[in-house]
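Below: the structure, in structure tokens.
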Amino acid sequence: MVPLSFADTELMLTPGRALYWPREEALLVADLHLEKASFYAQHGQMLPPYDSRETLERVVAEVRSTGAQQVITLGDNFHDADGAARMDEQACAMLGEMTSALDWIWITGNHDTRKDGSVAEATCGGRMVEELELGGIILRHEAQRGETRPEISGHYHPKLKVTVRGRRIARPCAVIAETGGEAHRMIAPAFGTLTGGMPAGDPAILKALQPAGAINAVVPAKGRLARFPLWRAGSRVAA
Numbered sequence: 008m009v010p011l012s013f014a015d016t017e018l019m020l021t022p023g024r025a026l027y028w029p030r031e032e033a034l035l036v037a038d039l040h041l042e043k044a045s046f047y048a049q050h051g052q053m054l055p056p057y058d059s060r061e062t063l064e065r066v067v068a069e070v071r072s073t074g075a076q077q078v079i080t081l082g083d084n085f086h087d088a089d090g091a092a093r094m095d096e097q098a099c100a101m102l103g104e105m106t107s108a109l110d111w112i113w114i115t116g117n118h119d120t121r122k123d124g125s126v127a128e129a130t131c132g133g134r135m136v137e138e139l140e141l142g143g144i145i146l147r148h149e150a151q152r153g154e155t156r157p158e159i160s161g162h163y164h165p166k167l168k169v170t171v172r173g174r175r176i177a178r179p180c181a182v183i184a185e186t187g188g189e190a191h192r193m194i195a196p197a198f199g200t201l202t203g204g205m206p207a208g209d210p211a212i213l214k215a216l217q218p219a220g221a222i223n224a225v226v227p228a229k230g231r232l233a234r235f236p237l238w239r240a241g242s243r244v245a246a
């Protein structure tokens with residue numbers, strides 16, 4: 008894990024694409040997209056059907072390595088609102104053990120809610136909220152353009168693509184907006200096993216984090232936090 012100064016507090020960015028908040032003993036994970044493989048199978052596209060188990064095993068590993076007492080998801084927890092009904096027995100048991108043993112909070116996202124307002128997470132234990140303010144930081148699924156308070160969100164699955172020593176590397180990253188040199192808004196990397204990625208510098212991401220003085224992609228690398236500039240004040244962002 009590498010330390011990350013954010014909104015007057017210290018977070019830890021893990022190699023496994025989670026955020027740990029030591030002061031709150033909280034693990035933050037974005038975009039689990041549980042049961043994505045079974046959703047695609049219903050539509051004729053066959054993917055290995057073990058994504059939920061693998062994703063939850065990784066959550067378990069992060070909880071053990073950090074000692075987190077609280078898990079907060081950042082929306083798009085299931086790939087669709089019927090995903091919980093398709094989970095196999097082993098995945099259900101893993102999730103049930105965690106939601107019983109930990110203070111587990113589901114923040115809901117655009118993939119989670121049915122037209123009637125019901126959500127997949129209702130049968131899985133834990134608490135459900137649309138957004139949450141914790142320690143002066145707003146936690147929600149999708150960044151709200153124009154937000155001036157500290158905010159951590161998910162939704163966009165940012166991915167950094169760089170060329171290092173002639174090799175093209177692509178990896179999930181966090182995208183952080185700074186004002187006056189202080190980080191105050193973040194889009195977290197997607198945690199789920201089968202989550203794809205949007206280029207970190209995509210105009211949709213840059214617009215979502217305005218207003219800002221600078222926007223950077225950050226990834227843990229050899230025990231340090233590597234920063235890659237994406238945008239600076241004075242550069243044009245499409246309206």
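My numbering applies: residue 8 is where the sequence shown begins, and numbers increase by one.
Even glycine gets a Cβ: it sits at the ideal position worked out from N, Cα and C.
In this text, all values refer to a predicted model and were calculated from it rather than measured experimentally.
Any heavy atom of the ligand ADP closer than 7 Å to the CB of residue i?
i: Ala221; result: This structure lacks the ligand ADP, and indeed carries no ligand of any kind.
On the DSSP letters alone, give me the boundaries of the alpha helix (DSSP H) that residue i sits inside.
i: Pro210; result: 210-215
i: Glu96; result: 96-108
i: Arg60; result: 58-73
i: Arg93; result: 90-93
To the nearest angstrom, report how far apart residue i and residue j are at their CA atoms.
i: Phe13; j: Leu201; result: 28 Å
i: Gly204; j: His148; result: 16 Å
i: Pro29; j: Leu18; result: 7 Å
i: Ala233; j: Ala91; result: 36 Å
i: Asp110; j: Val136; result: 13 Å
i: Gly142; j: Gly173; result: 43 Å
i: Gly161; j: Glu64; result: 20 Å
i: Met101; j: Ala108; result: 11 Å
i: Leu177; j: Pro165; result: Residue identity differs from the one stated: residue 177 is Ala in this sequence, not Leu. In a straight line, the C-alpha of Ala177 is about 10 Å away from that of Pro165.
i: Arg231; j: Arg243; result: 30 Å
i: Pro157; j: Glu138; result: 13 Å
i: Ser59; j: Gly241; result: 43 Å
i: Leu216; j: Pro179; result: 18 Å
i: Gly199; j: Glu69; result: 13 Å
i: Gln77; j: Gly116; result: 19 Å
i: Asp15; j: Val226; result: 20 Å
i: Ser72; j: Val66; result: 10 Å
i: Arg24; j: Ile114; result: 17 Å
i: Ile257; j: Asp95; result: There is no way to answer for residue 257, as the model of the chain reaches only from 8 to 246.
i: Asp209; j: Gly103; result: 37 Å
Does the distance from the CB of residue i to the CB of residue j come in under 8 Å?
i: Ala195; j: Leu81; result: yes
i: Ile79; j: Ile112; result: yes
i: Ile212; j: Val169; result: no
i: Ala75; j: Ala33; result: yes
i: Leu35; j: Leu26; result: yes
i: Ala228; j: Arg192; result: no
i: Glu42; j: Arg93; result: yes
i: Ala98; j: Ala197; result: no
i: Lys214; j: Arg152; result: yes
The beta strand (DSSP E) that contains residue i, what's its start and end?
i: Leu20; result: 16-20
i: Val136; result: 134-136
i: Pro10; result: 9-13
i: Pro227; result: 221-228
i: Ala233; result: 231-239
Please list, in chain order, all residues of the same chain as residue i whose beta carbon is under 6 Å from its beta carbon, the five residues on each side excluded.
i: Tyr163; result: Ile194, Met205, Ile212
i: Ala221; result: Glu185, Arg239
i: Met8; result: Met19, Thr21
Could you pull out every residue in the same chain whose Cβ sits closer than 8 Å to the Cβ of residue i, ignoring the five residues on either side in sequence?
i: Thr106; result: Cys131, Gly132, Gly133
i: Ala219; result: Ala184, Glu185, Thr186, Arg192, Trp238, Ala240
i: Ala190; result: Leu11, Ser12, Phe13, Ala14, Ile183, Ala184
i: Glu31; result: Gln77, Leu141, Gly142
For residue i, which residues in the same chain have their Cβ closer than 7 Å to its Cβ, ignoring the five residues on either side in sequence?
i: Phe235; result: Leu167, Val169, Asn223, Ala224
i: Pro10; result: Glu17, Met19
Original post:
What residue ranges within the stretch 140-211 form continuous beta strand (DSSP E) runs of no fewer than 3 residues, ordered along the chain?
Top reply: 144-147, 158-160, 165-171, 174-179, 181-186, 189-194
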